[in-house]
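Numbering (the UniProt record's numbering), first residue to last: 1 to 252.
Cβ coordinates follow ideal geometry from the N, Cα and C atoms, glycine included.
What follows is the structure, encoded as structure tokens:
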């Protein structure tokens, strides 16, 4: 049975991804930051899968927590076949670079880029040994072209770096049966993060060209495809799941 390690998988987009991989037959280790209520709710909702789930508390901006997360996953399941880096700190306040504090800048880098470095360093030896692995990171629309994103300088810089890192890993580790890809969600906010495609289709969205909001299920289906054993021909890809919306230029 394949095992997936998912950061921030107790709620939001990560919850839908974890749910999909459970349906796909994976066992899962899910990290969470502080929300014990979300963990309790997920455990209740996932009762049929309770023997295939392991929750680990930790802060993705902390190297020691990330190393402990991997260690506990290996102790519990003996392997890590898929790494889904769903966690990604974000600053919702819209402000220019000069208005960021050093602490905010470092949190964006630690949570979105440095965390990937530490996690990948830990899981690659395991994946090499078994000659199989699936690594999925998240970015934003157009991140593979290094665009400017007004008022999102720190987050954007970290994610653009993450895209390059992911692409590099896809080349370096291909000989070991390891793929690495990036998923870029579009406009998925509020309840839509844990919604199904069917639910979204019942609520028209004029802003998105396809006519509905993106959902957690859209992201989960994409990650599921990338984690499939027969998905090895897709690696180093940046897949935009946006429904055609221009995320970067929604606001001025």
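Collapsed DSSP secondary structure at residue i in the structure displayed
i: residue 138; result: strand
i: residue 31; result: strand
i: residue 163; result: helix
i: residue 88; result: coil
i: residue 55; result: strand
i: residue 244; result: coil
i: residue 48; result: helix
i: residue 168; result: helix
i: residue 197; result: helix
i: residue 12; result: helix
i: residue 154; result: helix
i: residue 222; result: helix
i: residue 70; result: helix
i: residue 180; result: strand
i: residue 64; result: helix
i: residue 211; result: coil
i: residue 133; result: strand
i: residue 126; result: helix
i: residue 3; result: strand
i: residue 80; result: coil
i: residue 238; result: strand
Reference residue i; option with closest CA among the options
i: residue 18; options: 120, 244, 232, 223; result: 223
i: residue 196; options: 207, 219, 180; result: 219
i: residue 55; options: 14, 63, 24, 94; result: 14
i: residue 123; options: 67, 175, 232; result: 67
i: residue 9; options: 27, 200, 31, 25; result: 31
i: residue 86; options: 189, 157, 11; result: 11
i: residue 109; options: 73, 74, 63; result: 63
i: residue 97; options: 227, 38, 157, 57; result: 157
i: residue 89; options: 159, 48, 174, 39; result: 159
i: residue 247; options: 38, 189, 7; result: 189
i: residue 233; options: 250, 174, 75; result: 174
Residues of its chain near residue i, where Cβ-Cβ distance is below 6 Å and the 5 sequence neighbours each way are ignored
i: residue 20; result: 220, 224
i: residue 135; result: 83, 180
i: residue 236; result: 167, 170
i: residue 176; result: 128, 131
i: residue 227; result: 82, 134
i: residue 38; result: 10, 11
i: residue 240; result: 141, 184
i: residue 203; result: none
Sequence-distant residues of the same chain with beta carbon closer than 7 Å to residue i, five excluded per side
i: residue 59; result: 33, 65
i: residue 210; result: 243, 244
i: residue 200; result: 192, 212, 213, 215
i: residue 27; result: 1, 3, 52, 77
i: residue 49; result: 22
i: residue 205; result: 211, 212, 213
Own chain, CB closer than 8 Å to residue i, minus 5 neighbours either side, in chain order
i: residue 163; result: 137, 139, 143, 144, 182, 238
i: residue 36; result: none
i: residue 70; result: 5, 80, 119, 122, 123
i: residue 104; result: 91, 154
i: residue 73; result: 3, 5, 29, 54, 56, 80
i: residue 95; result: 151
i: residue 25; result: 1, 2
Short Cβ contact (8 Å threshold) for residue i with residue j
i: residue 2; j: residue 61; result: no
i: residue 217; j: residue 187; result: no
i: residue 23; j: residue 194; result: no
i: residue 133; j: residue 178; result: yes
Short CB-CB distance (under 8 Å) between residue i and chain B
i: residue 114; result: Here chain B cannot be found, since the structure has a single protein chain.
Is it the case that the region 125-144 contacts the region 168-184, given that we only count it when at least three CB pairs across the two stretches are under 8 Å? Counting Cβ pairs under 8 Å, three or more are found: they touch.
Count the C-beta pairs between the region 148-158 and the region 125-134 that are closer than 8 Å, then say yes if the count reaches three, no if not. Verdict: no, contact absent.
Is the region 36-50 touching the region 107-116 in the sense that three or more CB pairs, one from each, lie closer than 8 Å? Short answer: they don't touch.
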